[in-house]
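Report on the following structure.
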Amino acid sequence: MGKTYEKAPATCRRLIDSLLSQYHGALADFGLKVDCLLVKAPVDADGHPTGPALQSKSGFPAAAQISITKLKDRVKGQGDAEMLIDGDRYPKWDEPQLRALIDHELTHLEFTGNVDDLGRPRLRLRPHDVEFGWFDAVARRHGEISFEVQQAKKFFGARPIRQLYLPGWEDGPPVEDANAIKPSMTRVQAAAHLRKEFGKGEAKTLTYATVPDDSSGETRIVEVWTDNSERSVIFSGGEVIDIVEQISLSARWVKRGSES
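Yeah, the sequence shown ends on 1504 if you go by my numbering, and it's all consecutive.
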């Protein structure tokens, strides 16, 4: 089955109108009409996606896209522009995220200063202020002299950029603790880290839980620890197998079995 389309919920219409009025006054003055549709990805006979709902010109999945409506379609009653939103991901976004996404798409629209035969604004598409072209292999092979790394350093290396968009990164990216607990770390390594975190003594086991094994369907016992960063660490067979926020521990693990 190919892509499917449906009219976007009223929330999208409300956000479009609100954002036009708040940030895009020149377009709002014309009463700009933006048609909005949700697009769902094509699926196979089993209902599995066979491609993205939307994709950029470079082939990457896109969250949304906007285009300018041709004059003949405006004559037929369509809007001045058309916005497409990924309908598969739409339910996962809260309103602030959706608002930011729609604002991004509206920012692509620029008034040229002229109107068409219907008296509607002639529009052009504004390109992004910054775009990266990146190949991991090239960045690894050539390091700092690669254009991949140079463009990243130019953007993220600017302190005003970090202050505006990456709070906490004002003096550069946070340094990762090489000894921090992570999956595949052994129980002994994790215990050493927890002793360091707590200052002295052994870390206490919070609980033991019996949970079904995803692969075999049999139950297994996992051990749950916590450190002072509000994380819960799940062990099985002497290795770290998962790290979750404490608040989600019961939903993700204990609920799947019974404590002993």
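Built from N, CA and C at the ideal position, the CB exists for glycine as well. Remember, predicted model here, so these are calculated numbers, not experimental data.
Restricting to Cα atoms, I'd like to know which of 1399, 1385 and 1356 is closest to residue 1271. Within the sequence shown, residue 1271 is the residue found at index 27, counting from 1. Residue 1271 has its Cα closest to that of 1356, out of 1399, 1385 and 1356.
Is residue 1263 helix, strand or coil when you go by DSSP? Taking the sequence shown and counting its residues from 1, the one referred to as residue 1263 is at position 19. DSSP places residue 1263 in the helix class (H, G or I) of the three-state scheme.
Does DSSP put residue 1357 in a helix, in a strand, or in coil? For the purposes of this step, residue 1357 is taken as residue 113 along the sequence shown, with counting starting at 1. Strand, per DSSP.
According to DSSP, residue 1330 sits in a beta bridge with which residue or residues? Looking up residue 1330 in the sequence shown gives position 86. Looking at the DSSP assignment, residue 1330 forms a beta bridge with 1283.
Cβ-based burial, residue 1449 [other Cβ within 10 Å; buried from 16]: In the sequence shown, residue 1449 corresponds to position 205, counting from 1. Its pLDDT being 48, under 50, residue 1449 is placed unreliably in this model, and the value from its coordinates should be taken loosely. Within 10 angstroms of the beta-carbon of residue 1449 lie fewer than 16 other beta-carbons, which makes it exposed.
Consult DSSP for residue 1258 and reduce its assignment to one of helix, strand or coil. Mapped onto the sequence shown, residue 1258 falls at position 14. Reduced to three states, the DSSP call for residue 1258 is helix.
How should residue 1386 be labelled, buried or exposed, when 16 other C-beta atoms within 10 angstroms of its C-beta is the threshold for buried? Translated into positions along the sequence shown, residue 1386 becomes position 142. Counting the other Cβ atoms within 10 Å of the Cβ of residue 1386 gives fewer than 16, which makes it exposed.
Indicate whether residue 1309 and residue 1328 have their beta-carbon atoms separated by less than 7 angstroms. Against the sequence shown, residue 1309 aligns to sequence position 65. Against the sequence shown, residue 1328 aligns to sequence position 84. Less than 7 angstroms separates the beta-carbon of residue 1309 from that of residue 1328.
If you pair each beta-carbon of the segment 1282-1289 with each one of the segment 1311-1331, do three or more pairs fall below 8 angstroms? They touch, by the three-pair rule.
State buried or exposed for residue 1248, treating a residue as buried only when at least 16 other CB atoms are found within 10 Å of its CB. Sequence index remark: in the sequence shown, residue 1248 carries index 4 (1-based). Result: exposed.
Buried or exposed: where does residue 1345 fall if 16 or more other Cβ atoms within 10 Å of its Cβ makes it buried? Here residue 1345 refers to the residue found at position 101 of the sequence shown. When all chains shown are included, residue 1345 counts as buried.
Can you give me the start and stop residues for the alpha helix (DSSP H) that residue 1340 sits inside? For the purposes of this step, residue 1340 is taken as the residue at position 96 of the sequence shown. Per DSSP, residue 1340 belongs to the alpha helix (DSSP H) from 1339-1351.
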